[in-house]
Every structure is written in structure tokens, then in C-alpha cells.
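Just so we're on the same page, our numbering is the position in the sequence shown counted from 1, plus 1.
For reference, the structure is listed below as C-alpha cells.
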Amino acid sequence: MNGNGRVLVMDDEEMIRGMFDKILSRMGYEVESAREGSEAVSLYQKARESGRTFDAVILDLTVPGGLGGKETFEQLRDLDPEVKAIVSSGYSNDPILAKYEDYGFKGMVAKPFDFSELSRTLKAVIHDRRAV
């Protein structure tokens with residue numbers, strides 16, 4: 002399950018951000034995290050300006066009181082049409098999860114996470130393969 006690259010995680014739940022950081026770091030990724038979409042867009046922009054771009058972003062679909070995953074992805078795509086985004090949600094019946102590719106996402110991970118699925122999806126997205 003070893004990987005490498007830089008990953009930006011956006012999730013409103015501190016516990017989930019911490020879990021992503023811990024697990025993805027153990028898998029070999031460098032991780033930065035944001036609480037909501039505006040912060041994620043700012044971090045992404047700063048990373049591009051510094052030449053340390055993210056290889057993938059994982060965006061929580063629903064962020065109460067903040068910019069959610071779909072809206073954040075649209076802003077990121079305006080900054081970088083090549084952004085590789087994975088949508089994440091605990092709401093398995095959301096139509097975006099069922100048809101994530103129709104919205105431009107490269108992959109999807111449902112909460113609660115299966116770590117091997119997360120690893121496979123992230124590797125596939127970073128290496129431009131179809132996520133399974």
C-alpha cells in the first residue's frame with residue numbers, strides 16, 4: 002500500500018482530517034488538510050505558486066456552513082484544469098457519488114473508509130488510471 006506524492010484533504014471533521022493525515026502519511030504521502038473549501042482553494046493556490054503542487058485532492062462532499070466538495074472542485078478546476086480530485090462522503094445515496102465522473106471527479110471514496118480501497122483509488126487517480 003505504499004504511495005508517494007502530495008495530497009490535499011478537505012473535510013469539516015477534525016477527526017477525519019487527522020485520520021487521513023495519519024493513514025496517508027503511513028502510506029508514504031505528504032498530506033496537507035483544510036477544514037472547508039475556501040481554505041483548500043487557498044492552500045492549492047499557494048502550493049502552485051511555490052512549485053509544490055498537489056498530486057491529488059480529496060474533497061468532502063458536504064461541509065455545513067462552508068464550501069463543499071463540488072463547489073470547491075469547480076474553483077480548483079478554474080485554477081488548474083488538470084486537478085485530480087477524489088470526492089468523499091458518508092452519504093452513499095448522493096447522486097454525485099454514484100456518477101462522480103459526470104461531475105469531473107477522478108475517483109470516489111465512501112465513508113467509512115476501506116483503507117485498501119482508499120490506497121487503490123488514490124494511486125489510480127495520481128497515475129491517471131481508472132479508479133475501481
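Ideal Cβ placement from N, Cα and C applies to all residues, glycine included.
Paired residues, beta bridge with residue i - DSSP
i      : result
Ser-89 : Asp-61 and Val-110
Met-11 : Ala-35 and Leu-60
Gly-6  : Tyr-30
Host beta strand (DSSP E) of residue i (start-end)
i      : result
Tyr-30 : 30 to 35
Assigned exposure category for residue i - 16 Cβ within 10 Å defines buried
i       : result
Arg-18  : buried
Leu-68  : buried
Glu-14  : exposed
Phe-116 : exposed
Ala-99  : exposed
Glu-83  : exposed
Asn-47  : Note on identity: in this sequence residue 47 is Lys, with Asn being the wrong assignment. Classification of Lys-47: exposed, given that the 10 Å Cβ count is below 16.
Ser-34  : buried
DSSP state of residue i mapped onto helix, strand, coil
i       : result
Gly-52  : coil
Val-133 : Low confidence applies to Val-133: its pLDDT is 49, below 50, so where it sits in the model is not reliable enough to give any reading.
Gly-19  : helix
Asp-95  : coil
Val-42  : helix
Lys-47  : helix
Glu-102 : helix
Range of the contiguous alpha helix (DSSP H) that encloses residue i
i       : result
Gly-70  : 70 to 80
Glu-118 : 116 to 127
> Would you call the segment 22 to 32 and the segment 74 to 82 in contact, with 3 or more CB pairs under 8 Å?
Replying inline: Cβ pair count under 8 Å is below three, so no.
> Is there contact between the segment 46 to 53 and the segment 93 to 111, where contact requires at least three CB pairs shorter than 8 Å?
Replying inline: no
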